[in-house]
Amino acid sequence: MLLINRKLIELAKPSAKWIFAMVFVKLALLFTVMYIFGITGKVQGLLYTQELTPQLLFNAIIVMSLIALVRFIGNLIDGELAYKCSADLRIDLRHKIYKKMLELGIGYSESMGTTNAVTASVDGIEALETYFSKYLPALIYCFIAPFVLFFRMTGSAPEAAWVLLVASLIVLPINQLFRKVVRLLKGEYWSKFNNLNTYYYDSLEGLNTFVLYDSDEKRREDLSKKCWDFRNVTMRVLRLNFNSVIISEMIIYISSAIAIVFISQNFVAGGFGFGRAIFLLLLADTFFAPVRDLMSTGHSAMNGVAAAENVFGLLKLKSDRENLAQVDVDGTSQKSGFVLNQVGFQYGQDRQILKNISMKVERGKVTAIVGQSGCGKSTIANLLMRFYDANSGTVYLDGQDIKTQDPQQIHKKVCIVPQNTYIFTGTILDNLKMAKTDATVEEMMKALDMVNLSSFVKQQPEGLDTNIGERGGKLSGGQKQKLGIARAILMDADIYIFDEATSNVDVESEDDIWECIGKLARNNTLVVISHRLSTIRKADCIYVMDKGEIKESGSHNSLMKKRGLYSYMVTEQESLEGLFEGGELCVS
Ligand SMILES: Nc1ncnc2c1ncn2[C@@H]1O[C@H](COP(=O)(O)OP(=O)(O)OP(=O)(O)O)[C@@H](O)[C@H]1O
Numbered sequence: 088m089l090l091i092n093r094k095l096i097e098l099a100k101p102s103a104k105w106i107f108a109m110v111f112v113k114l115a116l117l118f119t120v121m122y123i124f125g126i127t128g129k130v131q132g133l134l135y136t137q138e139l140t141p142q143l144l145f146n147a148i149i150v151m152s153l154i155a156l157v158r159f160i161g162n163l164i165d166g167e168l169a170y171k172c173s174a175d176l177r178i179d180l181r182h183k184i185y186k187k188m189l190e191l192g193i194g195y196s197e198s199m200g201t202t203n204a205v206t207a208s209v210d211g212i213e214a215l216e217t218y219f220s221k222y223l224p225a226l227i228y229c230f231i232a233p234f235v236l237f238f239r240m241t242g243s244a245p246e247a248a249w250v251l252l253v254a255s256l257i258v259l260p261i262n263q264l265f266r267k268v269v270r271l272l273k274g275e276y277w278s279k280f281n282n283l284n285t286y287y288y289d290s291l292e293g294l295n296t297f298v299l300y301d302s303d304e305k306r307r308e309d310l311s312k313k314c315w316d317f318r319n320v321t322m323r324v325l326r327l328n329f330n331s332v333i334i335s336e337m338i339i340y341i342s343s344a345i346a347i348v349f350i351s352q353n354f355v356a357g358g359f360g361f362g363r364a365i366f367l368l369l370l371a372d373t374f375f376a377p378v379r380d381l382m383s384t385g386h387s388a389m390n391g392v393a394a395a396e397n398v399f400g401l402l403k404l405k406s407d408r409e410n411l412a413q414v415d416v417d418g419t420s421q422k423s424g425f426v427l428n429q430v431g432f433q434y435g436q437d438r439q440i441l442k443n444i445s446m447k448v449e450r451g452k453v454t455a456i457v458g459q460s461g462c463g464k465s466t467i468a469n470l471l472m473r474f475y476d477a478n479s480g481t482v483y484l485d486g487q488d489i490k491t492q493d494p495q496q497i498h499k500k501v502c503i504v505p506q507n508t509y510i511f512t513g514t515i516l517d518n519l520k521m522a523k524t525d526a527t528v529e530e531m532m533k534a535l536d537m538v539n540l541s542s543f544v545k546q547q548p549e550g551l552d553t554n555i556g557e558r559g560g561k562l563s564g565g566q567k568q569k570l571g572i573a574r575a576i577l578m579d580a581d582i583y584i585f586d587e588a589t590s591n592v593d594v595e596s597e598d599d600i601w602e603c604i605g606k607l608a609r610n611n612t613l614v615v616i617s618h619r620l621s622t623i624r625k626a627d628c629i630y631v632m633d634k635g636e637i638k639e640s641g642s643h644n645s646l647m648k649k650r651g652l653y654s655y656m657v658t659e660q661e662s663l664e665g666l667f668e669g670g671e672l673c674v675s
C-alpha cells in the first residue's frame, strides 16, 4: 500500500543515514516556516490594529530575511543529502549487479539477456534512486509533519486542526489505492519496456542486414507496433495517476475549505485576533504540503518498486557453477595442462551436446580439435574457459578439478581468441592495454608485429593513439581480428585457445594469423579449433569429433594411415579446394 516492502527496506540500509538526515532537515525547515508564519501573522495583526511602527516592520523584515537565508541553506543541504543518498545506492547496487554478472559468467546473457541486464543496471537503478532519495524521506516526513502542525494549531483552532489532520492522514491511503491498481499495470509496463528496448537495440545493430534482405520496412512496422503497445500501457498508467491526483486534490480542497470556515468562525466569535487568524490560515495551507510532496514522487516511487523487481530478479539468479575445495596435487600434475575425463555436457535442459569426452591438452604442445559444424568443438572451449561446468565427468586444469578454480583465476592463465574478437570503442592503445595495463610501447609494437599489424599502426599519423571508431568500425574485419590476437599475446597467458580464429577474415589476414599461431606454438600451449584441416597438420595431437563424441585422435600421419573419419574429411576438403585453381573455380 505504501510502496514499501522488505526487500526495499533491506536495500535502503546503506542509505539509511542519509534518509533520516533528510527527514531531520525537512522538519527543521518546517519549524522555520512556522516561525515565518508567526511573524507574518503578527505583522498583519499589528497592521490590522494600526499598531505597526516602521521600527517593528524593519525588525520583522530583518528576522524574516535571516530565516529565508537559513531556509535557503537548508534546501541546499537537503539537495546535497539526496545526492549522497543516490550516489551511495547507485554505487552499491551497480557493484552488486557487476559482481553477479561476473559470478554468472557467460551464462548471464542466457538467463537474463544483455539488454535486460543493462535496463536493470541503468534505468532500474535510476528509478530506485528516486525511490530512496525522494520518496522514502518524503514518506517518513509525511507521517510526522501533520502531527507537528496539529499540535501547533490545536490550542487555538481544535476543530480545524482535527479536520486537517484526519484529511491529511486519509488522503494518502486513498491515493495509494489507485497506486495499487497502477502497480499491477507496472509489471506490464516494464515487461513492454524491456521488450521494446531489446528489439530496438537489435534493430539498430542489424540495420544493414535488414536493408540487405529488404526487410527493414517490416522491421520498422514491428518496431512501431511495439512502440504503440508501450505508449498505450504508459497512457493507461498516466490516466490512473491523473484520476488519483484529482480525487486527492478534492479531499484536500474540501477539508481546507472546512478548516477555513472553522478558523473564520473562531475569529469572528473573538476566540483570537486577526494576526493569529492569518497565522492559522497559513498553517492550514501548509498541512498538505508533505502529502503533496509525497504524491508527486509517488509515480517515480512506483517505477522504483517495479524496477526493484527487475534488479532483485537479476541479483537472485544462481550460477550453475559451484566452487569446490582444492586438493593437493603433485609437482608434475601442477603443469599438466588440461585433462578431460569422460565429460558430458548439455546447455540447460537441451539435448546432450558432449558425450563421454576424454582428452588431454599437454603443456608446450599444440592440440587441435576438428569436426563438422555443430559437433561441439566450441562447447569444449567453453568448458576449458569454465564459462560453463560439465554436467558429468571432470575437467582438470594443472591437476586440479576446474570446479575448484575461480573463473577469473582461470582467465589469467587461459586466453581464448574467438571467431570475432570484441574490439572496444577507443584507440588501438586502449584495446591493447586492456590485456596489460602497464604494457610499454615496445611490448605493444612487438605484439602487433607478431600479427603483421605493426606497419599499419606506424603508417597512422597518431600511431597507437589512432581512434578506431565504435567497436573498431574503422578497421577491416581482418585488422580487428589481428588486433584482438595482439591483445591476447600481450596478456602472456599460459594456454591459448584459438576457436576458428580465422574463419571470418580475408586470405591475407588468415595467412598472417596462421603465421602468428605458428610462432606462438614454439613456446606456448595451444588449443586450435579449425575447419581448415590443412592448417592443423603439424599439431602434436588432433582430436576428431563427430556428433559430440571423439571418434579418433593422434598425429596427422597416424590418422591418415587409419583411413577413418579424419582421412575422409581431409580428402573431401582437398578435393573441394581442388575445384579452385589459380583463383578460378574449375568445374569439369
Ligand atoms: N548457448 C547455447 N545454448 C544452447 N545450445 C547451444 C549453445 N551454444 C551452442 N549450442 C548448440 O550446441 C551444439 C554444439 O555447438 P558448438 O558451437 O560447440 O559447435 P561447433 O562444433 O563449435 O560448431 P561450429 O564449427 O559451427 O562453430 C550446436 O548444436 C549448438 O546449436
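Residues 88 to 675, numbered by this note's numbering, are exactly what the sequence shown covers, in order. The C-beta atom is built at its ideal place from N, Cα and C for all residues, glycine as well.
Practice prompt. Give the straight-line distance between the Cα atoms of P233 and S255, rounded to the nearest whole angstrom.
Written response: Going from the Cα of P233 to the Cα of S255 covers about 7 Å.
Worksheet item: Mind pulling the beta strand (DSSP E) runs of 3 or more residues that sit fully within the region 615 to 659?
Response: You should have 628 to 633 and 636 to 641.
Item to complete: Please specify which runs of the alpha helix (DSSP H), each continuous and at least 4 residues long, are wholly inside the region 543 to 579, giving them in chain order.
Response: Runs of the alpha helix (DSSP H) inside the region 543 to 579: 564 to 578.
Discussion item. Closer than 7 Å to a non-hydrogen atom of ligand 1 - does that hold for the CB of T206?
Written reply: No, ligand 1 has no heavy atom inside 7 Å of this Cβ.
Fill in: L153, enclosing alpha helix (DSSP H) - first and last residue
Note, L153: alpha helix (DSSP H), P141 to L191.
Worksheet entry | Distance between beta carbons of A214 and G400, contact taken as under 8 Å | The Cβ separation is near 14 Å, so there is no contact.
Worksheet entry | Spatial neighbours of D581 in its chain, beta-carbon cut-off 6 Å, leaving aside the 5 residues before and after | Beyond the five residues adjoining it in sequence on each side, D581 comes within less than 6 Å, by CB distance, of K500 in the same chain, given in chain order.
Fill in: Length-filtered (4 minimum) alpha helix (DSSP H) runs lying within the region 486 to 514
Counting only runs of 4+ residues, the alpha helix (DSSP H) found wholly inside the region 486 to 514 occupies 494 to 500, in chain order.
Discussion item. Can you tell me which residues fall inside 5 Å of ligand 1, judged by beta-carbon distance to its nearest heavy atom, and keep chain order?
Written reply: Residues flagged by the Cβ proximity filter: Y434, I440, S460, G461, C462, G463, K464, S465 and T466.
Worksheet item: Whose C-beta lies closer than 7 Å to the C-beta of G669 among residues of the same chain, with five residues either side of it excluded?
Response: Because G669 carries a pLDDT of 49, less than 50, the predicted location of this residue cannot be relied on, and the following value inherits that uncertainty. Taken in chain order, the list of residues that qualify is empty.
Discussion item. Mapping the DSSP letters down to three states, classify I126 as helix, strand or coil.
Written reply: DSSP places I126 in the helix class (H, G or I) of the three-state scheme.
Worksheet item: Beta carbon of L470, beta carbon of F432: below 8 Å?
Response: For L470 and F432, yes; Cβs fall inside 8 Å.
Discussion item. I'd like to check one pair, Y276 with T321: are the Cβ atoms closer than 8 Å?
Written reply: Contact flag set, yes.
Worksheet item: Applying the criterion that 16 or more other CB atoms from any shown protein chain within 10 Å of the CB defines a buried residue, is S542 buried or exposed?
Response: S542 is exposed by the Cβ-count criterion.
Fill in: N328 - containing alpha helix (DSSP H), residue span
Per DSSP, the continuous alpha helix (DSSP H) segment holding N328 begins and ends at D303 to V355.
Worksheet item: When you compare only the Cα positions, how much space is there between S351 and Q137?
Response: S351 and Q137 have their C-alpha atoms some 21 Å from each other.
Practice prompt. Can you tell me the Cβ-Cβ gap for T622 and E557, rounded? I've got them flagged as a contact below 8 Å.
Written response: Approximately 32 Å separates the beta-carbon atoms of T622 and E557; this is outside 8 Å, ruling out the contact.
Discussion item. Taking the alpha carbon of L264 as the reference point, which residue from D289, G211, G385 and I637 has its own alpha carbon closest?
Written reply: The shortest C-alpha separation from L264 is found at G385.
Practice prompt. For R650, count neighbouring C-beta atoms within 10 Å of its own C-beta (all shown protein chains included) and say buried if the count is 16 or more, exposed if not.
Written response: With fewer than 16 other Cβ atoms inside 10 Å of its own Cβ, R650 counts as exposed.
Practice prompt. Below 8 Å on the Cβ atoms is my guess for L168 versus A108; work out the distance and round it to an integer in Å.
Written response: About 5 Å; that satisfies the 8 Å criterion.
Discussion item. Taking the alpha carbon of G461 as the reference point, which residue from E246, R181 and M632 has its own alpha carbon closest?
Written reply: In terms of Cα proximity to G461, the closest of E246, R181 and M632 is M632.
Worksheet item: Is Y483 helix, strand or coil when you go by DSSP?
Response: Y483: strand per DSSP, three-state reduction.
Worksheet entry | Paired residues, beta bridge with A455 - DSSP | For A455, which the question treats as bridged, DSSP gives the partners V615 and I629.
Worksheet item: What are the residues that DSSP puts in a beta bridge with G431?
Response: Paired residue(s): S479.
Worksheet item: Beta carbon of T454, beta carbon of V592: below 8 Å?
Response: No, these two residues do not count as a Cβ contact at 8 Å.
Worksheet item: Under a Cβ-count criterion, where at least 16 other Cβ atoms within 10 Å of its own Cβ denotes burial, should E216 be classed as buried or exposed?
Response: Looking at its Cβ environment, which holds 16 or more other Cβ atoms inside 10 Å, E216 is buried.
Worksheet entry | Cβ contact check for the region 426 to 441 and the region 490 to 509: 3 or more pairs under 8 Å | Not touching, per the Cβ criterion.
Discussion item. Am I right that K562 and V378 are in contact with their C-beta atoms under 8 Å? What's the rounded C-beta distance?
Written reply: Correcting the residue type first, residue 562 is Leu in the shown sequence and not Lys. With a Cβ gap of about 59 Å, L562 and V378 do not count as contacting.
Discussion item. Less than 8 Å between C-beta atoms, sequence neighbours within five positions excluded: which residues of the same chain meet that for K357?
Written reply: The question names Lys, yet the displayed sequence has Gly at residue 357. Counting only Cβ-Cβ distances below 8 Å, and skipping sequence neighbours, we find nothing.
Practice prompt. Can you give me the Cβ contacts of A244 inside the same chain, cut-off strictly under 7 Å, excluding the 5 residues immediately before and after it?
Written response: Closer than 7 Å at the Cβ level, and outside the excluded window around A244, lie F349, I350, N353 and L367.
Item to complete: Report yes or no: do the region 517 to 528 and the region 564 to 580 share at least 3 C-beta pairs separated by less than 8 Å?
Response: In short, these stretches touch, since the Cβ pair count reaches three.
Worksheet item: In whole angstroms, what is the alpha-carbon distance linking Y475 and A468?
Response: Going by the C-alpha atoms only, they are around 10 Å apart.
Discussion item. Suppose you measure from the CA of G463 to the CA of Q436; what does that come to, to the nearest Å?
Written reply: Approximately 16 Å between the Cα atoms of the pair.
Worksheet item: So what does DSSP say about K422, is it helix, strand or coil?
Response: It is helical.
Discussion item. Just to confirm the assignment, what range does the alpha helix (DSSP H) spanning D586 have?
Written reply: Segment I582 to D586 is the beta strand (DSSP E) holding D586; no alpha helix (DSSP H) there.
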